[in-house]
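Down below is the structure, laid out as structure tokens.
In full-length UniProt numbering, the protein residues as written are 1 to 282.
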């Protein structure tokens with residue numbers, strides 16, 4: 001038994017899924033599954049009941065979770081006791097909304113791990129910041145822009161909605177359709193004027209700001225909504241995602257930073273991470 005196996009076990013327990021735990025630990029799912037199986041073989045006990053939609057801890061799994069948590073906590077405390085004090089690095093990062101929790105959490109985790117003593121402050125995109133993750137139209141004078149992601153948008157419908165039977169939607173489908181408005185949203189600013197130009201009048205039922213609330217209203221059957229095509233949304237059973245024909249709804253997300261700040265170690269590391277993501281999606 002080693003700490004790596006215990007870390008994987010705790011991740012599976014807390015995420016309720018081997019695939020989700022693999023993403024959280026940044027390892028391939030087969031590697032995590034193999035390590036978990038080795039741990040079960042060594043202990044001579046099944047730690048989880050595998051199901052089609054996740055895992056459930058057994059009684060032995062529940063018992064090990066308590067021990068594993070204490071061991072890992074003690075190991076972290078032991079490591080911390082040998083660390084020398086480091087100079088704190090203050091960094092203010094402005095973020096727009098609806099960036100995708102999973103990908104942003106991974107980016108910020110790698111950023112924090114790569115800068116010793118980093119004290120990260122997440123602020124509104126309009127606030128003073130060392131860097132901002134924004135869309136190009138929000139650029140200020142003197143800022144450089146490094147593209148990271150290009151997001152495409154889909155229509156989210158309640159499960160069982162009649163339009164969910166179609167493989168894609170057309171503008172005509174929105175005439176009189178219950179629609180949830182989400183602003184600010186780059187896709188909405190492209191989509192809604194196109195409806196008006198074509199004489200199509202949807203039935204706007206709500207005007208909200210976050211993707212989470214939009215999806216909650218979609219799930220409740222209040223209406224349909226525009227949402228970014230995030231991978232995690234495809235796992236949901238309460239909403240159906242469909243493309244819209246004829247209008248390329250998309251946005252570019254990138255890192256903006258003052259040219260005068262180029263060369264600062266923390267910012268340079270963040271630029272490297274963003275460039276890696278840009279290249280991986282190119």
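Even glycine gets a Cβ: it sits at the ideal position worked out from N, Cα and C.
Using 10 angstroms around the beta-carbon of residue i, count the other beta-carbons present and answer buried if the total reaches 16, otherwise exposed.
{"i": "residue 76", "result": "exposed"}
{"i": "residue 170", "result": "exposed"}
{"i": "residue 18", "result": "buried"}
{"i": "residue 148", "result": "buried"}
{"i": "residue 66", "result": "exposed"}
{"i": "residue 159", "result": "exposed"}
{"i": "residue 202", "result": "buried"}
{"i": "residue 224", "result": "buried"}
{"i": "residue 176", "result": "exposed"}
{"i": "residue 196", "result": "exposed"}
{"i": "residue 198", "result": "exposed"}
{"i": "residue 53", "result": "exposed"}
{"i": "residue 211", "result": "buried"}
{"i": "residue 161", "result": "buried"}
{"i": "residue 263", "result": "exposed"}
{"i": "residue 270", "result": "buried"}
{"i": "residue 46", "result": "exposed"}
{"i": "residue 64", "result": "buried"}
{"i": "residue 78", "result": "exposed"}
{"i": "residue 277", "result": "buried"}
{"i": "residue 186", "result": "buried"}
{"i": "residue 61", "result": "buried"}
Taking a contact to mean a Cβ-Cβ separation below 8 Å, would you say residue i touches residue j in this structure?
{"i": "residue 122", "j": "residue 240", "result": "no"}
{"i": "residue 243", "j": "residue 168", "result": "yes"}
{"i": "residue 12", "j": "residue 43", "result": "no"}
{"i": "residue 102", "j": "residue 218", "result": "no"}
{"i": "residue 180", "j": "residue 214", "result": "yes"}
{"i": "residue 229", "j": "residue 153", "result": "yes"}
{"i": "residue 9", "j": "residue 39", "result": "yes"}
{"i": "residue 100", "j": "residue 124", "result": "no"}
{"i": "residue 114", "j": "residue 89", "result": "no"}
{"i": "residue 255", "j": "residue 108", "result": "no"}
{"i": "residue 55", "j": "residue 16", "result": "yes"}
{"i": "residue 150", "j": "residue 250", "result": "yes"}
{"i": "residue 257", "j": "residue 273", "result": "no"}
{"i": "residue 172", "j": "residue 208", "result": "no"}
Which stretch, first to last residue, makes up the beta strand (DSSP E) that contains residue i?
{"i": "residue 227", "result": "224-228"}
{"i": "residue 147", "result": "143-158"}
{"i": "residue 91", "result": "89-95"}
{"i": "residue 174", "result": "Premise fails: residue 174 is in no beta strand (DSSP E) and is neither H nor E."}
{"i": "residue 121", "result": "118-123"}
{"i": "residue 134", "result": "131-134"}
{"i": "residue 255", "result": "250-258"}
Just the Cα atoms here: how many angstroms apart are residue i and residue j?
{"i": "residue 28", "j": "residue 22", "result": "6 Å"}
{"i": "residue 98", "j": "residue 227", "result": "9 Å"}
{"i": "residue 2", "j": "residue 72", "result": "11 Å"}
{"i": "residue 206", "j": "residue 92", "result": "33 Å"}
{"i": "residue 174", "j": "residue 96", "result": "28 Å"}
{"i": "residue 130", "j": "residue 104", "result": "17 Å"}
{"i": "residue 4", "j": "residue 234", "result": "30 Å"}
{"i": "residue 142", "j": "residue 259", "result": "6 Å"}
{"i": "residue 164", "j": "residue 188", "result": "20 Å"}
{"i": "residue 33", "j": "residue 59", "result": "19 Å"}
{"i": "residue 68", "j": "residue 6", "result": "6 Å"}
{"i": "residue 221", "j": "residue 155", "result": "14 Å"}
{"i": "residue 204", "j": "residue 265", "result": "47 Å"}
{"i": "residue 70", "j": "residue 87", "result": "29 Å"}
{"i": "residue 30", "j": "residue 24", "result": "14 Å"}
Provide the residue span of the alpha helix (DSSP H) that contains residue i, from first to last.
{"i": "residue 106", "result": "101-114"}
Under a CB-based cut-off of 8 Å, is residue i close to chain D?
{"i": "residue 224", "result": "Checking the listed chains, one finds no chain D in this structure; it contains a single protein chain."}
field: Length-filtered (3 minimum) beta strand (DSSP E) runs lying within the UniProt domain "HTH lysR-type" (1-58)
entry: Those beta strand (DSSP E) runs which fall completely within the UniProt domain "HTH lysR-type" (1-58) and span 3+ residues are 48-51, 54-57.
- request: Could you pull out every unbroken beta strand (DSSP E) segment of at least 3 residues lying fully inside the region 179-245, listed in chain order?
  value: Secondary structure remark: continuous beta strand (DSSP E) runs of at least 3 residues inside the region 179-245, in chain order: 203-208, 224-228, 239-242.
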